[in-house]
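Everything in the sequence shown is counted per full-length UniProt numbering, starting at 1 for the first residue and increasing by one.
All C-beta atoms in this analysis are idealised placements derived from N, C-alpha and C, irrespective of residue type, glycine included.
Below: the structure, in structure tokens.
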Amino acid sequence: MRLNELTPFGVKVKQRLLEERMTQAEFCEQHKIPTNRFSEILYGIRPGVKYREMIADILNIDEAA
């Protein structure tokens, strides 16, 4: 995987946020998720198990993606 490439999970999250007409910043603020951690999860820099599960549950997407 190249640097700055979204993971499959990251792509699903971004798509879902677009459907909800919500920015990453709005989502993070609303759900008390640090924005840097959110980005690290989407790009696969850190696994972020705690937040990844929360993001998947809130957005109703498959966490295994």
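My guess is that residue i and residue j are in contact by the Cβ rule of under 8 Å, so how many angstroms apart are they, rounded?
| i | j | result |
| --- | --- | --- |
| residue 13 | residue 55 | 6 Å |
| residue 63 | residue 53 | 6 Å |
| residue 27 | residue 17 | 6 Å |
State buried or exposed for residue i, treating a residue as buried only when at least 16 other CB atoms are found within 10 Å of its CB.
| i | result |
| --- | --- |
| residue 42 | buried |
| residue 1 | Because residue 1 sits at a pLDDT of 49, beneath the cut-off of 50, its placement in the model cannot be relied upon, and the point is left open. |
Which residue's Cα is closest to the Cα of residue i: the options?
| i | options | result |
| --- | --- | --- |
| residue 61 | 5, 34 and 19 | 19 |
*asked:* To test your reading of the DSSP string, which unbroken alpha helix (DSSP H) runs of 4 or more residues are found completely within the segment 4-57?
replied: Runs found: 8-19, 24-31 and 35-42.
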